[in-house]
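To start, the structure itself, in structure tokens.
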Amino acid sequence: MQDLKSFPTIYRYNYKSKVRFWFWGILLFLGLLMFLPWTQNIKAEGKITTPSQDQRPQEINSPIPGKIVKWYVNEGDFVKKGDTILKISEVKEEYLDPNLVNRTQQQVDAKKGAINYYQGKISTSGSQISALNEGRALKISQIDNKINQLENKLKAEKAELSAIKNELELAEDQYNRQQKMFAEGLVSQTQLQERNLKYQNVLSKKIMMDNKLAQTNQEFTNLRLEQNSVSQDYSEKISKAQGDQYESYTQIESGKGEVAKLENKVSNYTIRNGLYIITAPQDGQIVQAKKSGIGEILKEGEQLMVIVPTIKDYAVEMYIDPLDLPLIEVGQKVRFVFDGFPALVFSGWPDGSYGTFGGTIIAYENTISPNGKFRTLVVPDKEDQKWPNQLRIGGGASGIALLKNVPIWYEIWRNINGFPPDYYKTYTKETAIKEK
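Residue numbers (the numbering used here): 193 to 628.
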């Protein structure tokens, strides 16, 4: 049996095994591998969006209630800003008149004409008031002249009365003395009668002068009353003219308010006429048409369709777990794998990955989202390759936020113990400015 040549070949008992060599080689390789750098990271799912609000899909709504008259585009068409999309007509009774703007403008013109009329009335009332003031001044001046004349006449009559009184005293004294002399027989009865007649004449003159003076005083009083009456009469006329003037002012101010209200209606009607044609707010594609056909009734603010703008800048909204939020900083680097694009990813060696695209965190929200995570906005990294043009809003993206470089053995130890990634800050210019 030992002479068989096949025996050592089959049993190979003289063969030197290399298992130990491979064991120690692999062990040494693994030991060296443990000290290779590993990039800690945070994995999060997100979707494609845009950092500019005006580039995000927006609804096109009906600005007023109306009825569809004509469609100018089909769903899926691309339009330019200002292109006509849809034409609608009125359904409310107060706006059905095709000449509504012109008729309202006529009302405005009529109100302005009424205001001009009242302004003319104010001018006429002002002239009337001036004339009444002049007439009152002239009338009172005439009465003042008469009063002055009466005052002079009254002074003359008082002086004349005073003279008559002196004359009466003298005549009375002479008559009394004549009576005594007649009683003593020194004068005749004829002489006594002459003295008596002279006394009676002077007394009669005094009575006449008293009456004349009383009449002059009465005339003076009447002139004073007439002066007050004239002043009161003219004051009433002036007050009435001023009342008409103030009433005209009131009508003018009220008219101005109505003119402003009507002009506001004209502007509103004019603007409303421009809302019958619905145009594209920006360049984009028409999708998700909610209305179809002709004659459908629209409510105010009702959605008609959605326009997807022509995207110029893409971004990814990525949702971070609350536990990982302290590890996120503005300016931090992120790698993405987009849905539909093949990629070969080495989680700990981003430089060795294939088919990933770089991004930079520009903002993160401090309030939690309804899904229980924090929203983070990431834009393309300018220092990395450009993102694909085939990206579309709402597409999926798997993000890997890059953190600290650590040895592989440390990362294995961290995961075995369930520890979170190491906290650190990415020192960018923005971070330095914040710390200063």
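Beta carbons: idealized from backbone N, C-alpha and C, even for Gly. Only a predicted model underlies this, so the values are computations on that prediction, with no experimental measurement involved.
* Which of the three DSSP states, helix, strand or coil, is assigned to Glu352? -> Locating residue 352 in the sequence shown gives position 160, counting from the first residue. Looking at Glu352 - three-state DSSP - the assignment turns out to be helix.
* Asked: My guess is that Lys448 and Ile307 are in contact by the Cβ rule of under 8 Å, so how many angstroms apart are they, rounded?
  -> Taking the sequence shown and counting its residues from 1, one reaches residue 448 at position 256. Taking the sequence shown and counting its residues from 1, one reaches residue 307 at position 115. Contact flag correct, Cβ pair sits at about 7 Å.
* Cβ neighbour criterion (16 or more within 10 Å) applied to Asp516 -> Here residue 516 corresponds to residue number 324 of the sequence shown, with the count starting at 1. With 16 or more Cβ atoms within 10 Å of its Cβ, Asp516 is classed as buried.
* Would you call Arg416 buried or exposed, if buried means 16 or more other Cβ atoms sit within 10 Å of its Cβ? -> Against the sequence shown, residue 416 aligns to sequence position 224. Result: exposed.
* If you draw a straight line from the alpha carbon of Phe221 to that of Arg212, how long is it in whole angstroms? -> For the purposes of this step, residue 221 is taken as residue 29 along the sequence shown, with counting starting at 1. For the purposes of this step, residue 212 is taken as residue 20 along the sequence shown, with counting starting at 1. If I take the Cα positions, the gap works out to 14 Å.
* **Glu251 vs Met497 beta-carbon contact at 9 Å** => For the purposes of this step, residue 251 is identified with residue 59 of the sequence shown, where counting begins at 1. For the purposes of this step, residue 497 is identified with residue 305 of the sequence shown, where counting begins at 1. Contact flag set, yes.
* **Boundaries (first-last residue) of the alpha helix (DSSP H) holding Leu222** => Within the sequence shown, the letter at position 30 stands for residue 222. Start and end: Val211 to Met226.
* Under three-state DSSP, which class holds Ala481? -> For this step, residue 481 is matched to residue 289 along the sequence shown. Coil.
* Under 9 Å between C-beta atoms of Leu569 and Glu509 -> By one-based count along the sequence shown, residue 569 stands at place 377. By one-based count along the sequence shown, residue 509 stands at place 317. Contact flag set, yes.
* Whole-angstrom C-beta distance between Tyr391 and Glu352, which should lie under 8 Å -> Here residue 352 refers to the residue found at position 160 when the sequence shown is read from its first residue. Here residue 391 refers to the residue found at position 199 when the sequence shown is read from its first residue. Actually they are not in contact, since the Cβ atoms of Glu352 and Tyr391 sit about 18 Å apart, beyond 8 Å.
* Asked: Got a sec: does the ligand SAM put a non-hydrogen atom nearer than 8 Å to the Cβ of Ser446?
  -> In the structure shown, the ligand SAM is absent, as is every other ligand, since no ligand is present at all.
* Asked: Can you tell me whether DSSP reads Ala593 as helix, strand or coil?
  -> Reading the sequence shown from its first residue, position 401 is the one you call residue 593. Residue state, collapsed to three classes: strand.
* **Separation of Phe530 from Tyr615, as counted between CA atoms** => Along the sequence shown, read from residue 1 onward, the residue named residue 615 stands at position 423. Along the sequence shown, read from residue 1 onward, the residue named residue 530 stands at position 338. Bear in mind that the predicted position of Tyr615 carries a pLDDT of just 49, short of 50, making it unreliable; the figure below should be weighed with that in mind. Cα to Cα, the separation comes out at about 27 Å.
* To do: Label Leu362 either buried or exposed according to how many other C-beta atoms from any shown protein chain fall within 10 Å of its C-beta, with 16 as the threshold for buried.
  => As a working mapping, residue 362 is identified with position 170 in the sequence shown. Exposed, since its Cβ has fewer than 16 Cβ neighbours within 10 Å.
* Asked: Looking only at its own chain, which residues have a Cβ that is under 8 Å from the Cβ of Ile625, when we skip the five neighbours before and after it?
  -> For this step, residue 625 is matched to residue 433 along the sequence shown. Residue confidence for Ile625 is low, a pLDDT of 49 falling below 50, so the modelled location carries little weight and cannot support an answer.
* Alpha carbon to alpha carbon, how far is Val394 from Glu386? -> Position 202 of the sequence shown, counted from the start, is the residue given in the question as residue 394. Position 194 of the sequence shown, counted from the start, is the residue given in the question as residue 386. For Val394 and Glu386, the distance between alpha carbons rounds to 12 Å.
* Asked: In whole angstroms, what is the alpha-carbon distance linking Asp573 and Gly551?
  -> On the sequence shown, position 381 is the one that residue 573 refers to. On the sequence shown, position 359 is the one that residue 551 refers to. Approximately 4 Å, taken between the alpha carbons.
* To do: Measuring alpha carbon to alpha carbon, tell me which of Ile478, Phe528, Asn558 and Lys491 ends up nearest Asn266.
  => Numbered from 1 along the sequence shown, position 74 holds the residue referred to as residue 266. If we check each option's Cα against that of Asn266, Ile478 comes out closest.
* In whole angstroms, what separates the C-alpha of Gln407 from that of Glu376? -> Position 215 of the sequence shown, counted from the start, is the residue given in the question as residue 407. Position 184 of the sequence shown, counted from the start, is the residue given in the question as residue 376. Those two C-alpha atoms are separated by around 44 Å.
* To do: Check whether the Cβ atoms of Phe533 and Pro580 sit closer than 9 Å, and answer yes or no.
  => Counting from 1 along the sequence shown, the entry for residue 533 is found at position 341. Counting from 1 along the sequence shown, the entry for residue 580 is found at position 388. Yes, the pair counts as a contact, with Cβ atoms nearer than the cut-off.
* Apart from the five residues on each side of it in sequence, which residues of its chain come closer than 8 Å, Cβ to Cβ, to Leu405? -> In the sequence shown, the residue the question calls residue 405 occupies position 213. For Leu405, where only same-chain residues beyond five positions count, the Cβ hits under 8 Å are Leu346, Glu349, Lys350 and Leu353.
* In three-state DSSP terms, what is Ile608? -> Here residue 608 corresponds to residue number 416 of the sequence shown, with the count starting at 1. The answer is helix: DSSP assigns Ile608 an H, G or I state.
* Can you check the region 237 to 272 for any beta strand (DSSP E) of at least 3 residues that lies completely inside it and give the ranges in chain order? => 250 to 253 and 258 to 263
* Considering only C-alpha positions, which residue in the set Asn344, Val422 and Lys304 is nearest to Ser333? -> For the purposes of this step, residue 333 is identified with residue 141 of the sequence shown, where counting begins at 1. Looking at the Cα atoms, Val422 is the closest of the given residues.
* Asked: To the nearest angstrom, how far is it from the Cα of Ile328 to the Cα of Val451?
  -> In the sequence shown, the residue the question calls residue 328 occupies position 136. In the sequence shown, the residue the question calls residue 451 occupies position 259. Note that residue 328 is Arg in the sequence shown, not Ile. Taking the straight line joining both Cα atoms gives about 40 Å.
* Shortest alpha-carbon distance to Lys338 belongs to which of Met401, Met226, Thr413 and Lys273? -> Counted from its first residue, the sequence shown places residue 338 at position 146. Comparing Cα positions, the closest option is Thr413.
* Selection from Trp214, Gly238 and Leu330 that minimises the alpha carbon distance to Ile512 -> Numbered from its first residue, the sequence shown carries residue 512 at position 320. For the residues Trp214, Gly238 and Leu330, the minimum Cα distance to Ile512 belongs to Gly238.
* Asked: Just checking, does the region 299 to 316 make contact with the region 433 to 449 on the three C-beta pairs under 8 Å criterion?
  -> yes
* Straight-line CA distance for Asp336 to Glu326? -> For the purposes of this step, residue 336 is taken as residue 144 along the sequence shown, with counting starting at 1. For the purposes of this step, residue 326 is taken as residue 134 along the sequence shown, with counting starting at 1. Approximately 15 Å between the Cα atoms of the pair.
* 9 Å Cβ cutoff met for Ile470 and Pro249 -> Locating residue 470 in the sequence shown gives position 278, where the first residue counts as 1. Locating residue 249 in the sequence shown gives position 57, where the first residue counts as 1. Taking 9 Å as the Cβ cut-off, Ile470 and Pro249 do not qualify as a contacting pair.
* Asked: Which residue's Cα is closest to the Cα of Thr241: Gln297, Gln480, Ala507 and Leu219?
  -> Translated into the one-based positions of the sequence shown, residue 241 becomes position 49. Of the listed residues, the one whose Cα sits closest to Thr241 is Ala507.
* Asked: Sorted by chain position, which residues of the same chain lie with C-beta nearer than 6 Å to Lys210's C-beta, five sequence neighbours on each side aside?
  -> Position 18 of the sequence shown, counting from 1, holds the residue named residue 210. Counting only Cβ-Cβ distances below 6 Å, and skipping sequence neighbours, we find nothing.
* Please classify Arg295: is it buried, with 16 or more other beta-carbons within 10 angstroms of its beta-carbon, or exposed? => Indexing the sequence shown from 1 puts residue 295 at position 103. Result: exposed.
* **Alpha-carbon to alpha-carbon, Thr442 and Pro243** => Counting from 1 along the sequence shown, the entry for residue 243 is found at position 51. Counting from 1 along the sequence shown, the entry for residue 442 is found at position 250. Those two C-alpha atoms are separated by around 57 Å.
* To do: Taking all protein chains shown into account, decide if Ser254 is buried (16 or more other Cβ within 10 angstroms of its Cβ) or exposed.
  => On the sequence shown, position 62 is the one that residue 254 refers to. It counts as buried.
* For Ala555, which residues does DSSP report across the bridge? -> Your numbering for residue 555 matches position 363 in the sequence shown. Ala555 pairs with Leu569.
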